[in-house]
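Reading through the structure tokens given below for one structure.
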Amino acid sequence: MNYLLDSNIIIYSAKPANNFLREFIVKNNPKISALSYLEVLGYHNLNNNEKKYFEIFFNTSGLLEISKGILDEAVKLRQKQKMTIGDAIIAGTAIKDNLTLVTRNAKDFIRIKELKLFNPFE
5 MNYLLDSNII
15 IYSAKPANNF
25 LREFIVKNNP
35 KISALSYLEV
45 LGYHNLNNNE
55 KKYFEIFFNT
65 SGLLEISKGI
75 LDEAVKLRQK
85 QKMTIGDAII
95 AGTAIKDNLT
105 LVTRNAKDFI
115 RIKELKLFNP
125 FE
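Numbering (this note's numbering), first residue to last: 5 to 126.
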């Protein structure tokens with residue numbers, strides 16, 4: 005199965021208690037949206053250890069650019085229902101590239117019928 009990590013999973017993976025997430029990431033080599041790069045590294049309150057972890061994480065991950073096709077999917081999703089731009093881009097990326105979205109916030113995406121979801125915390 006091919007996966008796309010939601011930003012919250014990347015953030016949770018930095019916590020020592022969530023070794024199972026790091027193992028999942030190593031085993032499955034999931035895709036990462038360029039939006040997650042912005043959301044995670046752009047957070048203004050990162051400490052030095054977190055910043056270093058995330059920089060290494062993103063330098064060793066394959067980032068997916070936000071293409072016109074992804075934007076078109078995101079637009080369609082936002083036209084159907086109210087959702088944040090970030091969630092629409094993440095969901096649009098997963099749909100366009102036929103990826104299962106790995107997220108702890110499945111409730112944010114549950115109404116999108118064409119989107120496959122996986123919550124590793126359940």
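Don't be surprised by glycine CBs; every beta carbon is placed ideally from N, CA and C.
Assumed close pair residue i, residue j - CB separation to whole angstroms, cut-off 8 angstroms
i: H54; j: A110; result: His is not the amino acid found at residue 54; the sequence shown has Glu there. So it is not a contact: roughly 25 angstroms between Cβ atoms.
i: V44; j: F24; result: About 19 angstroms; that fails the 8 angstroms criterion.
i: A95; j: F113; result: 6 angstroms
i: L39; j: I93; result: 5 angstroms
Test item: CB-CB of residue i and residue j under 8 angstroms
i: I99; j: L119; result: yes
i: R108; j: Y16; result: yes
i: T97; j: S37; result: yes
i: K35; j: G66; result: yes
i: V106; j: L8; result: yes
i: F61; j: I14; result: yes
i: F104; j: M5; result: The sequence shown places Thr at residue 104, not Phe. A contact, by the Cβ cut-off of 8 angstroms.
Residues that DSSP places opposite residue i in a beta bridge
i: Y7; result: T104
Exercise for the section: At 4 residues or longer, and completely inside the region 9-37: list those alpha helix (DSSP H) runs for me, N to C. Expected result: Runs of the alpha helix (DSSP H) lying entirely within the region 9-37, each at least 4 residues long, are 11-17 and 23-32 in chain order.
Exercise for the section: Quick one: which unbroken alpha helix (DSSP H) runs of 4-plus residues sit fully inside the region 56-121? Chain order, please. Expected result: 72-84 and 89-100
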